[in-house]
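Chemist: Protein chains in written order, with the numbering used here: chain A, 4 to 179; chain B, 74 to 396.
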Amino acid sequence: MSFIESTVTMSYGKVSRLLKVLRIAPPEPPCRPIHLTAACSKVSSGRYKVTRSKNKPLTYEQANPPHYLFVRKGFNSFNTSNLKDGVRPSESAMEDMFIRKFISGTWHNMFLSEVIIKRQLNMIRISGIVVRNILPRKMYFLIGYTEEMLTNWLQCPVKLELQTTDSREDVVFKYI
Amino acid sequence: MLSLCFLPARAAVPSARLVCVRAASGQPAAGRTDDPQFRPLDIGRRREVVQQARERRRATLPPPRHERQPVNQQWGDVWPAPRTFHPDAVPLPLRQGFVKRPNAQAPPGKHANAELMKIANFLHLTPPVIERQCRALAKFCTPWPEGLTDERLDELRPLEVITQDFLHASPTLRHPDARVVSLKVPLSCLDLTETDRDKLLRLVGDRHDPKTDVITLTADRCPLRRQNRDYALYLLTVLYFESCKREPWEAELRTVADAEKFVWAGSASEAAVAPLGAAADVVNSYGEAVTRLHNEGEDESTLAEYRKAVVALLGLPEHVGAN
Numbered sequence: 004m005s006f007i008e009s010t011v012t013m014s015y016g017k018v019s020r021l022l023k024v025l026r027i028a029p030p031e032p033p034c035r036p037i038h039l040t041a042a043c044s045k046v047s048s049g050r051y052k053v054t055r056s057k058n059k060p061l062t063y064e065q066a067n068p069p070h071y072l073f074v075r076k077g078f079n080s081f082n083t084s085n086l087k088d089g090v091r092p093s094e095s096a097m098e099d100m101f102i103r104k105f106i107s108g109t110w111h112n113m114f115l116s117e118v119i120i121k122r123q124l125n126m127i128r129i130s131g132i133v134v135r136n137i138l139p140r141k142m143y144f145l146i147g148y149t150e151e152m153l154t155n156w157l158q159c160p161v162k163l164e165l166q167t168t169d170s171r172e173d174v175v176f177k178y179i
Numbered sequence: 074m075l076s077l078c079f080l081p082a083r084a085a086v087p088s089a090r091l092v093c094v095r096a097a098s099g100q101p102a103a104g105r106t107d108d109p110q111f112r113p114l115d116i117g118r119r120r121e122v123v124q125q126a127r128e129r130r131r132a133t134l135p136p137p138r139h140e141r142q143p144v145n146q147q148w149g150d151v152w153p154a155p156r157t158f159h160p161d162a163v164p165l166p167l168r169q170g171f172v173k174r175p176n177a178q179a180p181p182g183k184h185a186n187a188e189l190m191k192i193a194n195f196l197h198l199t200p201p202v203i204e205r206q207c208r209a210l211a212k213f214c215t216p217w218p219e220g221l222t223d224e225r226l227d228e229l230r231p232l233e234v235i236t237q238d239f240l241h242a243s244p245t246l247r248h249p250d251a252r253v254v255s256l257k258v259p260l261s262c263l264d265l266t267e268t269d270r271d272k273l274l275r276l277v278g279d280r281h282d283p284k285t286d287v288i289t290l291t292a293d294r295c296p297l298r299r300q301n302r303d304y305a306l307y308l309l310t311v312l313y314f315e316s317c318k319r320e321p322w323e324a325e326l327r328t329v330a331d332a333e334k335f336v337w338a339g340s341a342s343e344a345a346v347a348p349l350g351a352a353a354d355v356v357n358s359y360g361e362a363v364t365r366l367h368n369e370g371e372d373e374s375t376l377a378e379y380r381k382a383v384v385a386l387l388g389l390p391e392h393v394g395a396n
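1) Going by DSSP, which residues form a beta bridge with A:Thr62?
2) With a threshold of 8 Å between beta-carbons, can B:Ser374 be considered close to chain A, or not?
3) Using 8 Å as the limit for Cβ to Cβ distance, is B:Ser255 near chain A?
4) Nearest by alpha-carbon distance to A:Gln65: which of A:Gly77, A:Arg50 and A:Val134 is it?
5) Less than 8 Å between CB atoms is the rule here; does A:Phe101 satisfy it with respect to chain B?
6) Leaving aside the five residues before and after B:Arg141 along the sequence, list all residues of the same chain whose C-beta is less than 8 Å from its C-beta, in chain order.
7) I'd like to check one pair, B:Leu221 with B:Leu189: are the Cβ atoms closer than 8 Å?
8) Among A:Glu31, A:Pro69, A:Ala41 and A:Leu61, which has the Cα closest to the Cα of A:Ser48?
9) If you draw a straight line from the C-alpha of A:Asp169 to the C-alpha of B:Phe111, how long is it?
10) Residues in its own chain within less than 8 Å of B:Glu391 by CB, not counting five upstream and five downstream?
11) Excluding the five sequence neighbours on either side, which residues of its own chain have a C-beta within less than 6 Å of the C-beta of B:Leu260, listed in chain order?
12) If we count the other Cβ atoms within 10 Å of its Cβ and call it buried at 16 or more, is A:Leu165 buried or exposed?
13) Can you pull the DSSP bridge partners for B:Pro259?
14) Using a Cβ distance threshold of 8 Å, determine whether the segment 198-210 of chain B contacts the segment 138-157 of chain B, with at least three qualifying pairs required.
15) Quick check on the DSSP output: the alpha helix (DSSP H) that includes B:Arg302 runs from which residue to which?
16) Taking Cβ positions only, does A:Glu150 come closer than 8 Å to chain B?
17) Where does A:Arg35 land, buried or exposed, given buried means 16+ other C-beta within 10 angstroms?
18) Nearest to B:Ala324 by CA position, among B:Val172, B:Leu210 and B:Lys272, is which residue?
19) At a Cβ cut of 7 Å, what residues of the segment 185-199 of chain B count as close to chain A, listed as they run along the chain?
20) Give me the Cα-Cα distance between A:Leu25 and A:Tyr15, rounded to the nearest whole angstrom.
21) Using a cut-off of 9 Å between C-beta atoms, extract the partners of A:Leu72 located in chain B.
22) Looking at A:Leu153: is its Cβ nearer than 8 Å to the Cβ of A:Phe105?
23) Run through DSSP, which three-state label would B:His281 get?
24) Scan the segment 339-367 of chain B and note each continuous alpha helix (DSSP H) run of 4 residues or more that stays entirely inside, going in chain order.
25) What are the residues in the segment 239-264 of chain B lying within 9 Å of chain A by C-beta distance?
26) When DSSP labels each residue in this structure, what does A:Gly108 get in the three-state scheme?
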């Protein structure tokens, strides 16, 4: 037995009124918009807005936007993974992200600079500038804890080579 | 008595610290006397106390290392291994950083300078340290034997095994390309006849470099370098002995049309010239001319030689066909 399909043609207005009665959201009318003006591709990464009172402190690293990398700024992470015939680039990048998160969570607000990660042979050397707002004994514990936990997780020797300073103003390069 | 209701509307609810500082600042509020029984409540960390503690801590720190270290110390003992730059240990007055107006602002100093920490320093490899290391290694070094020149080495050791070792910063030593082994052999050191050599070159294909006459065999199919080296040597052995063997079907396959070079002996050209009955040396020179023409191509000298040989063979006068 075959059944005959019949198409019911209704105007768009009648359809939308019917759907409203039935409490169904009407589908969007088909349309394909185009850009009539140029897209404003504005880069805003790594840039800080100037304040009115000019009292926002910036470190040298923050004061130079990312396009000054390798011109006025150095890199924070050194490894051989991204050279030609280098091994494990993605693993190194993920490990770097993990190390940075771990350090920022363990050293509560104590790192005044970015975490600098250098890979040499099978070792990872982590450095940075830390403020001396806790007792030296606690700092020794934090260093040992960080080294031990990271060594166990990353399966290679991890060494912390920190520089300490007593005031946060030491790392300020300019105020904006 | 401090009355909170007289404060302006913005600072509606002052914190306990604010209240205490105002109380401790020494200005007695209206109606309040210095009553020893009712001391002011001090909950917060007062700024002066914190600052005094910081001053005390700073005072108890010893002076930085570069002010204490003796002038005649061994720098190699102070900085024995690669280490991140530390401003208190390095006595140099360094500055690092870009400033837009160097007349107005000095570049940042070495203290709390992250840029100086980022860059690799070679403070562990000063010239005296390098000299000391070289002197320690020198006793294990002997001079190169005089008679062992490059040519003599090529005679004694013609086989060259090439491997690559990779130094990289990673928890693992393994590198996937370190297992590849290349073998370079000059064909002149192999004992081959003409047909052997021909067969070997056909087997080897483009692994043979005609300019240097060297075969390069690369093995990377095994997981270990030793296995790849053994396989490459085995491959060379098999190639050599296979090229020395003759299969029965090889003779049938190879016809005159397959030859790379024209050979006079037994060719159709020789058979055509024989009925003329010319002298042997004339026939020989004609044979040489035809061989040169086929093998080296047509140019002035080969065509001239051919013309001369044909003229001599057919007994024609010299001026015939000149130019």
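Where a beta carbon is used, it is the ideal one built from N, C-alpha and C, also for glycine.
Modeler: Let me spell this out:
1) A:Val175
2) no
3) Judged by the 8 Å Cβ criterion, B:Ser255 is not in contact with chain A.
4) The candidate whose alpha carbon is nearest that of A:Gln65 is A:Arg50.
5) no
6) Pro135
7) At the C-beta level, B:Leu189 and B:Leu221 stay beyond 8 Å of one another.
8) A:Pro69
9) 37 Å
10) Val384
11) Asp286
12) Burial state of A:Leu165 is buried, judged by a 10 Å Cβ sphere holding 16 or more other Cβ atoms.
13) B:Val287
14) yes
15) Arg298 to Cys317
16) Chain B, which has no Cβ nearer than 8 Å to the Cβ of A:Glu150, makes this no.
17) exposed
18) The option with the nearest alpha carbon to B:Ala324 is B:Lys272.
19) Shown in chain order are the members of the segment 185-199 of chain B whose Cβ falls below 7 Å from a Cβ of chain A: Ala185, Ala187, Glu188, Met190, Lys191 and Ile192.
20) 15 Å
21) Residues of chain B whose Cβ lies closer than 9 Å to the Cβ of A:Leu72 do not exist, since the nearest Cβ in that chain is about 11 Å away.
22) yes
23) When DSSP states are grouped into helix, strand and coil, B:His281 belongs to the strand group.
24) Segments of the alpha helix (DSSP H) lying fully in the segment 339-367 of chain B: 341-346.
25) Phe239, Leu240, His241, Ala242, Ser243, Pro244, Thr245, Leu246, Arg247, His248, Pro249 and Asp250
26) helix
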